[in-house]
Each structure stands twice: as C-alpha cells, then as structure tokens.
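*Asks:*
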Amino acid sequence: MAAAAAATSAGASRIWTTAEWAALKTHAEAIGSTHLRDLLDDEDRSIAMFAEHTGIVLDYSRQRVTVETMGKLHDLARAAGLESKIAAMFSGKHLNVTEDRAVAHAALRAPKGTTFTVDGKDVVPDVNAVLDRVEAFSDAVRSGKRTGVTGKPLTDVVSIGIGGSYLGPEFVFEALRHEGDAASAAEGRRLRFLANVDPVDVARALEGLDPETTLVVVVSKTFTTAETMLNARTLRDWLIRSLGPSSSTAKSEKEVVAAHVIAVSAAVDKCRAFGIEDDAIFGFWDWVGGRYSVCSSVGVVPLALQYSFPIVRQFLDGAHDMDNHFRTTPLERNLPVLLGLLGVWNSSFLGHGSRAILPYSQALLRFAAHIQQVDMESNGKRVTVDGDVLPFEAGEINFGEPGTNGQHSFYQLIHQGRVVPCDFIGMCESQSPVYMKGEVVANHDELMSNFFAQPDALARGKTEAELEEAGVPAELRPHKVFPGNRPSSSLLLPRLNAFTCGQLLSLYEHRTAVQGFVWNVPSFDQWGVELGKVLASHVRATLSDCRKGAESAGGRVDMSTVDSAGFVPSTSALLKRYLRHESGKDAHTA
Ligand SMILES: O=P(O)(O)OC[C@H]1O[C@](O)(CO)[C@@H](O)[C@@H]1O
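The opening position of the sequence shown corresponds to residue 863 in the working numbering, with each subsequent residue numbered one higher.
Given below as structure tokens:
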C-alpha cells in the first residue's frame, strides 16, 4: 500500500478533520435559513453560476449555494489535493491502490500522436493498434466480407456481458439509435444485449434472430463472471444446435465458434480456452476498470459493428475533449469538478443521500442506469484509501428516468416528499424533430418546456399565502403547498450525437472521480460485490447436489443435503420450498 500513501500525500487523508471541512459544516448551518426562492432573485449570483464548455452549459444557480459556498468548496478541493490527484490520474499513477493499478481509462480515447504513460510505457500506440483491428474487423463484417459459417452476412450482433461490460455500451447504443448519421450507418443491422443470467433474457435477446446471420460478442474483462460465462455457453449451444455437426449444415463446432463468436477481454488465455481464435479476440488492459471500460473494446466492438467505426471515433473524440477540459481547466470553471463538488456539498453537508439523473431525452433512457454503476460502485465505500473508517456515508443513491416520463411517476416524492438533488439534462435540438401545423409549439419545445419548468418548481415551490391568494380552499392548502428549496443543476447540450455523447460520458465519469478524490475513498475498486458472489456459489453447489440426487432417486429431493449445507434456518427453509416446487402447481397445491 505504498502507493496509497503516495496518492494521499498530495492532500488530507482524513478530509473531515480539516479546517476547510469544519468551515463548510458551519456554513451549511448558516445556509439552512436561506431559501432558493430568495437566492434566485439575485441576478448577479445566478449569472455567476453558469459554466460552459464547447456549448455545453451548466447552470447550478438552483443549488443551495452562494458564491461564498463555492469558494469554500474550492478550498476543500485544494485541501483534498484535488488538482494533484487529477494530474496523478492522467500521468498513470496507481490510484487504484487496493489492486495496485493505474486508472487510465482516459488513455482509451487519446488520439494517435498524443501520449499517456502507464508504468513507464506510452500506451497510446497499443490502444490505437486495438482500435485499428476493431475498425478492420467491423468493416469486414459490415461489408459482408466476413460472413457466418454458411456464407451469409452477419447482420445481427448479440453482445453478452454484465455490469461495466454492458451498461455503458447499451447507454451509447440507445443514445445514437435515432441520431441521423448513426442511424443511417446502422441500417439493416441489429444489436442486442444479453446481460441477465435469467433465461428469460436469453429468450428476449434471441427473439427473431437467425443463428446463420448472428455474431455473438462475449464481453468480460475477467472472462470468469458467472452470468456472462453461462450466457456465453448458452448461445454457443444455440449456434451449434442450428449450425453444428448434427444440423443440416454439418459444420464442426470449431468452425461454428470461429465464425460466430468473438470475445472482448483482458484475459486472452481464457478466451482461447473457450475456443475463440486469436484474430477474434479484442483485448484491453487491467488499468481499465470495468465500469470505466465503455471506450475500450468493451463498447467499441459492438458499437462499431452497429454504427461503423467513424461514428465510434467521434464518440471517443468527444470523451477525449472532456478529458482535456477536466485536466486543464481551473477548478472554478471545470464542469466535472463543479458537479462533483456540488455532489459532496449536497451529500456530506446538506445531508441528501440520493441524486436523480433526469435527462429530457428519450435517447438517454439508459444513461441513469450506467451512471448508477459508475457512481455507486465507485464511491459507495466505507473506508478511505488508507483504510480509515469514514465518519459519514460516502456515495449517493443514483437513480433516474427520462423526462417527462418521470414526472408522472416519482416526481411527487421529490416535490413534496424527500429532498433529492436532481440533474436535469436537456438538448437544444431534437434527434427526431416533429412540427405540426396548428400545435402551439413543436414537440421538442413541449418536452423542453418541462425541462425549464421543473427545476424552478423544485426551487421556488408554492407557499400557503400564494394558494390563499389564488382562492384555494383552506382545507386543501396544506396538500397543495410546495416547500421548494430543492436543489438541482441543469445541463443544456446543443444536441445529442456521437461526440456529445462521449463528452457526457466523460463528464459523469470524472464527476465521480472528483467526489472520490475529495472524500479520499478508493473509487476504483469494488470489493463490495464479492461476498454475494461467494455465497451464490455455495447455493449453486447445494442446488446441483440436490438436483443430481433427485435424478437418481426417481425425482425425490433429499432435503438433508440442504440441512447439512450450513445455511441459516430461514435460507434453508426457503431453499426447501423452492426445491419442493413442482412445475404447474401453485403454492396452495404444491
Ligand atoms: O467484465 P467482467 O469481468 O465480466 O465483470 C463485469 C462486472 O462485474 C463487476 O466486477 C461487479 O460484479 C463489475 O465491476 C464489472 O463491471
């Protein structure tokens, strides 16, 4: 853990013990008596709370902050060594201290001719060599040069992966489905994702697909993840049943796998052991964390197959552009830094433990799900990088849905129930504009009317006096009061295309890093996912023993196997109930 000490020497390890933290605690108490309704009337304050980069505008005037608060947050950032930690990340330092690895996902989008050094080596040539292979491979598949085992073009792709090997690529896939250039490039092609080990997800992913024209991409950094490997074996079986030795094509299993299965992984040997040929394995490196891997082969392979490599390059260029902004812009105007510090303020000083991500863009329907993993797996930690237990809860509960759908679902709670800081994300222009004669506004303006209205409704609210003045009956007034003073940020982008999608990804990745750097938590490991996996393998082994035993005992399950497996009584009881279930019978008759 020498690296941990090196990483934290740049800033206070126990940030909550600093004078800057204490100053913010006192300041938060003072701000408790200020209402956003009043803060928003101050024009100079509001204008000071706009920041912009390449047409992306961040308006944070509806956060419960003053210019003084922002100054104190920047002092806190400096006390935490934020600037040197950002520099350390971009110089390939081992900031993932518990796994002793660099955190170099920004290198994945570094263009040819730039440098990014990890462990004494410039990794940009290696990154671009893999990208060149992806370009050649995706061109060959898309042009029909590389076909399936029966010579038919591979028009459909099923990308198997879970967590970081799934959520990011799916967010980008959805974001570009109706974007002009991406949509034309995708004509005649289909991309599906298979993540859940639930066999229903297999059925959904394969619906309407023909094995002869389907290419399967197995995406797993470790190539050991139980869900992904079982799904990979399931789809290999599906391909072999239709195209293998006992089908009408009579092709060998090896031929079928070679033509229809490719892999994306940092564990090349395991891909080979699965039967995948070297030219169909796209690697990446251990300095890319799973949830930060969208710009590696993890996202680039399926997305280039669907949208073509030039579209993917624009996406990478957008992410690189935001990386540069993050690396070089002073803290006061730095978009990821501002968002990250506001997250720290809301969570650690105002006590708001959750955050809603609300894109007013249907194309961003999977954005919140991806950021949920990026942020919660990164900052949902209980100790600092040095192992000190935090005296506060780090990380927020992230959730969200596109507007306006969310307005008709959970916004009730955020207006009159709990305080949930919100990120509103909107676009100046639509990917699919609709204008109809006779309508008051175009459909996109209708959508954006809500994007502009909701933050003000949350901030300003509605008082009892206003209701009285409007003639609302006294008994209804308490129900119709909106307390307001609910914080939000608004991000306005010019449009959603491959480039801005890359910028948005990088913006949110770095926001999470900023919060982790200030809290000094180990944002780049994920030990908290391990225990459940270990317990699941014990259940799996018990189920397997019981099912095998039942096969040789004419269907009768020997429940003593469960009893002797060491589960707590309630788990044993529930497992027995599960094993006793007979298909077709309900709980009352079983
Ligand atoms: O790419 P892999 O190795 O299959 O891992 C998938 C996901 O599983 C996790 O390790 C958590 O279970 C994530 O961090 C990762 O993104």
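Beta carbons: idealized from backbone N, C-alpha and C, even for Gly.
I want to check one thing, is the minimum distance from the CB of residue 1102 to the heavy atoms of ligand 1 below 6 Å?
*Replies:* Result no, Cβ not under 6 Å from ligand 1.
*Asks:* Can you give the Cα-Cα distance for residue 864 and residue 1383, rounded to whole angstroms?
*Replies:* Any reading at residue 864 must be qualified, since the residue scores a pLDDT of 46, below 50, and its modelled position is unreliable; the value itself is stated next. Computed Cα separation, rounded: 16 Å.
*Asks:* Could you tell me which of 1418, 881, 1172 and 1017 sits nearest to residue 809, measuring between CA atoms?
*Replies:* Here the chain comprises residues numbered 863 to 1452, so residue 809 is not present and cannot be evaluated.
*Asks:* By Cβ distance below 6 Å, which residues in the same chain neighbour residue 1217 in space, the five residues on each side in sequence not counted?
*Replies:* So the qualifying residues of the chain are 1258, 1260 and 1283.
*Asks:* On the CB-based measure, 16 or more other CB atoms within 10 Å of its CB, does residue 1359 come out buried or exposed?
*Replies:* Buried, because 16 or more other Cβ atoms sit within 10 Å of the Cβ of residue 1359.
*Asks:* Evaluate residue 1418 with the Cβ neighbour count: other Cβ atoms within 10 Å of its Cβ, from every protein chain shown; 16 or more gives buried, anything less gives exposed.
*Replies:* Per the 10 Å Cβ criterion, exposed.
*Asks:* When DSSP labels each residue in this structure, what does residue 1434 get in the three-state scheme?
*Replies:* Correct three-state label for residue 1434: helix.
*Asks:* Below 8 Å, can you find three or more Cβ-Cβ pairs linking the stretch 1346 to 1362 to the stretch 921 to 934?
*Replies:* The stretch 1346 to 1362 vs the stretch 921 to 934: in contact.
*Asks:* Once the 5 residues before and after residue 1459 are set aside, which same chain residues still bring their CB inside 6 Å of it?
*Replies:* Only positions 863 to 1452 of the chain appear in this structure, which leaves residue 1459 out of reach.
*Asks:* To the nearest angstrom, report how far apart residue 929 and residue 881 are at their CA atoms.
*Replies:* Looking at the two C-alpha atoms, the distance is approximately 19 Å.
*Asks:* Does the beta carbon of residue 1243 fall short of 6 Å from some heavy atom of ligand 1?
*Replies:* Flag unset: Cβ of residue 1243 not near ligand 1.
*Asks:* Under the three-state reduction of DSSP, which class applies to residue 1355: helix, strand or coil?
*Replies:* DSSP places residue 1355 in strand when its eight states are reduced to three.
*Asks:* Per DSSP, residue 915 is paired with what?
*Replies:* Residue 915 is bridged to 918.
*Asks:* For the beta strand (DSSP E) containing residue 1285, name the first residue and the last one.
*Replies:* First-last of the beta strand (DSSP E) with residue 1285: 1284 to 1289.
*Asks:* In terms of residues, what are the limits of the alpha helix (DSSP H) holding residue 1123?
*Replies:* Element bounds for residue 1123: not the alpha helix (DSSP H) but the beta strand (DSSP E), 1123 to 1127.
*Asks:* For residue 1161 and residue 1128, what's the separation of their Cα atoms in angstroms?
*Replies:* One C-alpha to the other measures close to 14 Å.
*Asks:* Is there at least one non-hydrogen atom of ligand 1 closer than 6 Å to the beta-carbon of residue 1394?
*Replies:* Every heavy atom of ligand 1 is 6 Å or more from the Cβ of residue 1394, so no.
*Asks:* Take residue 1222 as the anchor and find which of 1397, 1112, 1215 and 1293 has the nearest alpha-carbon.
*Replies:* Looking at the Cα atoms, 1293 is the closest of the given residues.
*Asks:* Rank 1093, 1199, 977 and 1246 by C-alpha distance to the C-alpha of residue 1123 and give the top, closest one.
*Replies:* Of the listed residues, the one whose Cα sits closest to residue 1123 is 1093.
*Asks:* The alpha helix (DSSP H) with residue 1233 in it runs from where to where?
*Replies:* Per DSSP, residue 1233 belongs to the alpha helix (DSSP H) from 1229 to 1241.
*Asks:* Measuring only from the beta carbon, is residue 1021 closer than 6 Å to any heavy atom that is part of ligand 1?
*Replies:* No, the beta carbon of residue 1021 sits no closer than 6 Å to any heavy atom of ligand 1.
*Asks:* Using a Cβ-Cβ cutoff of less than 8 Å, which residues in the same chain neighbour residue 1321 once the five nearest sequence positions on both sides are dropped?
*Replies:* Closer than 8 Å at Cβ, skipping near neighbours: 898, 899, 902, 924, 1346, 1347, 1348, 1349 and 1350.
*Asks:* Run through the stretch 1403 to 1435 for me and flag every whole alpha helix (DSSP H) of 4 or more residues, listed as ranges in chain order.
*Replies:* Counting whole runs of 4 or more residues, the stretch 1403 to 1435 contains the alpha helix (DSSP H) stretches 1422 to 1425.
*Asks:* Less than 7 Å between CB atoms is the rule here; does residue 1129 satisfy it with respect to chain C?
*Replies:* Any reference to chain C falls outside this structure, which holds one protein chain only.
*Asks:* Short check: CB of residue 1181 to CB of residue 1364, under 7 Å?
*Replies:* The answer is yes: Cβ separation under 7 Å.
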